[in-house]
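A quick write-up on the structure given underneath.
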Ligand code: BGC
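In my numbering, the protein residues as written are 4 to 358.
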């Protein structure tokens, strides 16, 4: 089979190679990969900033946003059939308490692996083998957008935790703000608006770009931060009950802390693998957080529950805003042109490799 590999920590090392097809055992499922989304984490791995090859190997098959079709099932597999559409979760457990209880996304020790990211091969290949418990079925009617399940699962986990955390008080959130209008930002705003919040998205993207059109179709107001600076947003919008930071910029995360409303919750989703440093007004920030009973938390990865919720919400979004999810997939690029797929284009939202 063909596969796209990288040498982790070596910038621009991606290459297309031929590897033997995986051989499924009695407990395994062989999946034919149809599409793999390209995300910021892939770009960081390609830049040599992030990623880890499987133990004892020099290279890593890239890709963690998969969509595929079951090609073969081992004789002990009863939950899936040949032809089923599936997405595969990303993280695999270590021996910590949380991983052992099915919460790999909340791993305590950090020795988890992640397919296509950390210590396990990913999905940018013709085939992969997996245990059925890590595969989520996608209804055929969602096959055109199934590749968005992974980023949506990240957002579902964030939303689940936001509402769980806020059970700490009598909370009737009215207003949500998402910082960033990439796929995670758009999907986060979609989840908030679908939960009944008046939702705003703010980013640097000019207003004529497809991502702004998609947001509008979903009933999300867009603010360009060059015209509406982040610092002025509370005065402009009122008390902000929920903020989801999805720019990936650590300095924006700190700016978000200063505009969060009373009793609000700020959820940070950006994986910032660099080493940026800034000066921050700590007294002022601390005072605001304490006197306003504010919560700030980070979230990574997703639990199986969040993946299932992602599939449900995809169906809901298709009903609420027909075609909006498909419009998020702005480019479909053949595997051999992967270098083009990872290039940032101004009119892109999500680029997808067709395998
Ligand atoms: C992936 C997550 C992963 C995280 C950290 C993200 O891009 O979507 O599944 O846990 O990177 O490696």
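Beta carbons: idealized from backbone N, C-alpha and C, even for Gly.
Same chain only: Cβ atoms within 8 angstroms of residue i, ignoring 5 sequence neighbours per side
i, result
"residue 231", "205 and 239"
"residue 13", "51"
"residue 172", "266 and 296"
"residue 260", "269, 288, 291, 292, 297 and 299"
Neighbourhood of residue i by C-beta distance below 6 angstroms, restricted to the same chain and skipping five residues each side
i, result
"residue 91", "69, 133, 137 and 138"
"residue 338", "356 and 358"
"residue 67", "93, 118, 119, 120 and 125"
Whether residue i touches residue j by CB criterion (7 angstroms)
i, j, result
"residue 246", "residue 180", "yes"
"residue 135", "residue 83", "yes"
"residue 19", "residue 7", "yes"
"residue 9", "residue 63", "yes"
"residue 186", "residue 353", "yes"
"residue 268", "residue 169", "yes"
"residue 276", "residue 65", "no"
"residue 72", "residue 35", "yes"
"residue 254", "residue 281", "yes"
"residue 266", "residue 306", "no"
Residue i, DSSP secondary structure in three states
i, result
"residue 96", "coil"
"residue 26", "coil"
"residue 326", "coil"
"residue 126", "coil"
"residue 147", "coil"
"residue 114", "coil"
"residue 8", "strand"
"residue 38", "strand"
"residue 139", "strand"
Where residue i falls, given that 16 or more other Cβ within 10 Å makes a residue buried
i, result
"residue 314", "buried"
"residue 100", "exposed"
"residue 229", "exposed"
"residue 188", "buried"
"residue 202", "buried"
"residue 347", "exposed"
"residue 41", "buried"
"residue 335", "exposed"
"residue 104", "exposed"
"residue 158", "buried"
Identified DSSP bridge partners for residue i
i, result
"residue 332", "353"
"residue 75", "33"
"residue 55", "121"
"residue 219", "DSSP, once it has assigned bridges, lists no residue as partnering residue 219."
"residue 298", "268"
"residue 210", "Note: residue 210 sits in no beta bridge, so no partner."
Spatial neighbours of residue i in its chain, beta-carbon cut-off 7 angstroms, leaving aside the 5 residues before and after
i, result
"residue 249", "181, 182, 183, 185, 187, 188, 191, 272 and 273"
"residue 102", "96, 110 and 115"
"residue 58", "122"
"residue 78", "29"
"residue 328", "148, 151, 317, 320 and 321"
"residue 331", "151, 186, 189, 217, 352 and 353"
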